[in-house]
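These notes concern the structure reproduced below.
See below:
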């Protein structure tokens, strides 16, 4: 049906290019629509608490591989991925809706496992599953979740508030989820070429868990409250540190210097990356799926996070003209580019 | 991966059976979660206006066939289907989020057409597109839309409020969308077996439009206000009149008598149904996708709708023990069963 049309393949644009292209002319019409496309979540003002809404779609063969992802973990992760976006607005997730398309040949017991994981993730953060849609699919499994959160207006943190000289901070450690994925992919290939060999995943619990059962950093919201700390900007790390940092810098109209030797990486992630002949720093910058939080704070708040085992300062915000750079261990400076996960580029 | 598990195929349960099975143990934890699974939309109370949330997923090969559905119409319909759920709560749609999975080989121009339809539907009801997700798919096109509406608390209409002796009413006419679909399917088969023959769709504009470009009945909300009429229960007709009426009766704990000779059917729908050797009443009861509203009003409000060209009284609510029945033209009574569209039964 497209014979007579000019053809521009989506892979030329990439996911962010496509979203920008499609949404560039949208003008919000309703006063209640406080924030539309372009942050971790949309913000709606209904006259009481602000309502924060985020949605994510996971597609079999693109985002997950049922040959090594247990359905229960998949359900858990699908929810966490969405809650992470709500936390990244500094809001509290309250409800989710879940839409699932699956083959009608899918056994009920499999759907139950998936739901079990979904409800476990809900229980962890006291989130209510309030609706959804369940339909058949002629091919793979598709899960689309919408998370709804609430926050006071002055509590919300957007991507566009980073200021020159702010410190750039990150929670937890990075790169583990990606290295865990590489490990699972490797064992799958071995199993495919020789089904007699059982997967050897021993001693890799941490990176496997980072990939299969990520935890959204809802605990950090509490910590911010306790520390009386309000970041100037925040985003969750789903596509990779580099990609997320570029979002913050672009939307805030600033630059940034990152320091390679400050990047938090778990020893197991470091070691396995080396075994895969990968630069651990590349895994940290471009790995994605860690669901940690990246945020900026005023330099004057440094004492509040100093020595905190959950938070690492990894750089500082500069002026826009200086660009976004990584200062590597030999002291030289390299521009940061987004090579993170892109649904349209990786396939 | 399911080898050692008991297998219950989803087609044995059907869509509603599956939803009931999966959600039966859910207990809402948050005070703000006013209404969860089981109505047209969930209801959330954030202290201001009530937030109403509904989500629907459309899957290629299950809900639409790109060989005869133009992408622009598909985008338009995908939004209308969701707005219809918000209207069915007597709420005003304000925002939507749109998640789309599609092949990375999909040309940009095709996505633009789809978005064009989405934005046209938004413009019609002044709804803001505030977020979403765009990802690749290894197979068909999947569209998942979440609509968010607002309403004053006392304005909301649920499925569970129908009372004995209430009148059962419906907007517009029914069965057209289904007969339109049959026509499109027939022409597709003819085209497949002989590509030289052009589809003959002349003179079928009304039923084709009912199928390809349905309009959610947002106009009825205004009418209710003008008439100072508040239905006791309401639902939109997506799966077929019979199925929706059973939802209202089950949730309200009542029965119903429907009168065949009152059912609103357009002459073209009637005639084309006959040409397909179908009983027009069956098309009205089980056709689905008309996106009209089914609602109940107190008998004392009959004067408010009498003679209204947009509303037809088609029956009345009885006690639960009397069941849900259709009184056909010869005066005999037949129990109404749901044979409407079910994603898991039809494939």
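Chains as they are written, first to last, in this note's numbering: chain A, 25 to 371; chain F, 25 to 371.
Each residue gets a CB set at the ideal place from its N, CA and C atoms; glycine is no exception.
As the structure is a prediction and not an experimental result, all values here were calculated from the model.
Beta-carbon proximity list for residue i, same chain, < 6 Å, skipping 5 on both sides
i	result
residue 155 (chain A)	121
residue 26 (chain F)	Since pLDDT at residue 26 (chain F) reaches only 41, below the 50 mark, its modelled position is unreliable, and no value is offered.
residue 234 (chain F)	200, 201, 204
In DSSP terms, what residue i is bridged to
i	result
residue 174 (chain F)	F:75, F:116
residue 268 (chain A)	Looking at the DSSP assignment, residue 268 (chain A) forms no beta bridge with any residue, so it has no partner.
residue 69 (chain A)	A:74
residue 193 (chain A)	A:319, A:337
residue 279 (chain F)	F:342
residue 83 (chain F)	F:166
residue 291 (chain A)	Per DSSP, none; premise fails for residue 291 (chain A).
residue 125 (chain F)	F:159, F:166
residue 349 (chain A)	A:281, A:359
residue 59 (chain A)	A:67
residue 153 (chain A)	A:120
residue 181 (chain A)	According to DSSP, which records beta bridges pairwise, residue 181 (chain A) is partnered with nothing at all.
residue 258 (chain F)	F:319
Chain-ordered chain F contacts of residue i [CB-CB under 7 Å]
i	result
residue 157 (chain A)	79, 80, 81
Listed by chain order, chain A residues near residue i by CB distance under 7 Å
i	result
residue 32 (chain F)	131, 132, 133
residue 139 (chain F)	46
residue 85 (chain F)	162
residue 43 (chain F)	158
Nonlocal neighbours in the same chain, by C-beta distance under 7 Å from residue i, ignoring five residues either side
i	result
residue 361 (chain A)	266
residue 289 (chain F)	197, 198, 199, 304, 308
residue 185 (chain F)	256, 257, 276
residue 284 (chain A)	305, 350, 351, 352, 353
C-alpha gap between residue i and residue j, whole angstroms
i	j	result
residue 254 (chain F)	residue 195 (chain F)	14 Å
residue 84 (chain F)	residue 163 (chain A)	10 Å
residue 370 (chain F)	residue 86 (chain F)	Residue placement at residue 370 (chain F) cannot be trusted, given a pLDDT of 44 that sits under 50; what the coordinates show is reported in the next sentence. If I take the Cα positions, the gap works out to 9 Å.
residue 135 (chain F)	residue 226 (chain A)	45 Å
residue 93 (chain F)	residue 161 (chain F)	19 Å
residue 57 (chain F)	residue 175 (chain A)	15 Å
residue 28 (chain F)	residue 246 (chain F)	The pLDDT assigned to residue 28 (chain F) is 46, lower than 50, so where the model puts this residue is not dependable; a value taken from the coordinates is nonetheless given after this. Distance between the alpha carbons of residue 28 (chain F) and residue 246 (chain F) is about 56 Å.
residue 37 (chain A)	residue 47 (chain A)	14 Å
residue 270 (chain F)	residue 311 (chain F)	15 Å
residue 282 (chain F)	residue 101 (chain A)	47 Å
residue 341 (chain F)	residue 222 (chain F)	48 Å
residue 42 (chain A)	residue 339 (chain F)	50 Å
residue 79 (chain F)	residue 244 (chain F)	21 Å
residue 110 (chain A)	residue 322 (chain F)	43 Å
residue 240 (chain F)	residue 251 (chain A)	49 Å
residue 248 (chain F)	residue 81 (chain F)	29 Å
residue 273 (chain F)	residue 345 (chain F)	11 Å
residue 242 (chain F)	residue 34 (chain F)	34 Å
Proximity to residue i [Cα-Cα], best of the options
i	options	result
residue 127 (chain A)	A:166, A:137, A:74	A:166
residue 63 (chain F)	F:183, F:100, F:332	F:183
residue 319 (chain F)	F:331, F:235, F:192	F:192
residue 343 (chain A)	A:32, A:75, A:275	A:275
residue 145 (chain F)	F:96, F:168, F:190	F:96
residue 334 (chain F)	F:321, F:129, F:316, F:216	F:316
residue 177 (chain A)	A:356, A:67, A:54, A:300	A:67
residue 124 (chain A)	A:138, A:104, A:209, A:115	A:138
residue 40 (chain F)	A:230, A:363, A:100, A:158	A:158
residue 98 (chain F)	F:238, F:220, F:112, F:33	F:238
residue 91 (chain A)	A:248, A:259, A:363, A:215	A:215
residue 107 (chain A)	A:262, A:340, A:140, A:301	A:262
residue 149 (chain A)	A:181, A:115, A:168	A:115
residue 173 (chain A)	A:213, A:72, A:51, A:341	A:72
residue 76 (chain A)	A:180, A:279, A:322	A:180
residue 359 (chain F)	F:324, F:299, F:280, F:294	F:280
residue 152 (chain A)	F:170, F:314, F:49, F:117	F:49
Amino acids of chain A, ordered along the chain, whose beta-carbon sits closer than 8 Å to that of residue i
i	result
residue 152 (chain F)	50, 52, 53, 54, 57, 60
residue 37 (chain F)	132
residue 412 (chain F)	Nothing can be reported for residue 412 (chain F), as the shown portion of chain F is limited to 25 through 371.
Neighbourhood of residue i by C-beta distance below 8 Å, restricted to the same chain and skipping five residues each side
i	result
residue 228 (chain F)	204, 207, 292, 296
residue 337 (chain F)	191, 192, 193, 286, 326, 329
residue 211 (chain F)	92, 223, 224, 225
Chain A residues whose Cβ lies nearer than 9 Å to that of residue i
i	result
residue 236 (chain F)	Chain A residues near residue 236 (chain F): none, gap ~14 Å exceeds 9 Å.
residue 73 (chain F)	56, 70, 71, 72
Under 8 Å from the C-beta of residue i: neighbouring residues of chain F
i	result
residue 118 (chain A)	54, 56, 57, 68
residue 174 (chain A)	56, 70
residue 125 (chain A)	81, 83, 86, 166
Neighbouring residues, chain F, relative to residue i (Cβ below 9 Å)
i	result
residue 213 (chain A)	Within 9 Å Cβ-Cβ: nothing; residue 213 (chain A) doesn't reach chain F, min ~17 Å.
residue 76 (chain A)	Chain F residues near residue 76 (chain A): none, gap ~10 Å exceeds 9 Å.
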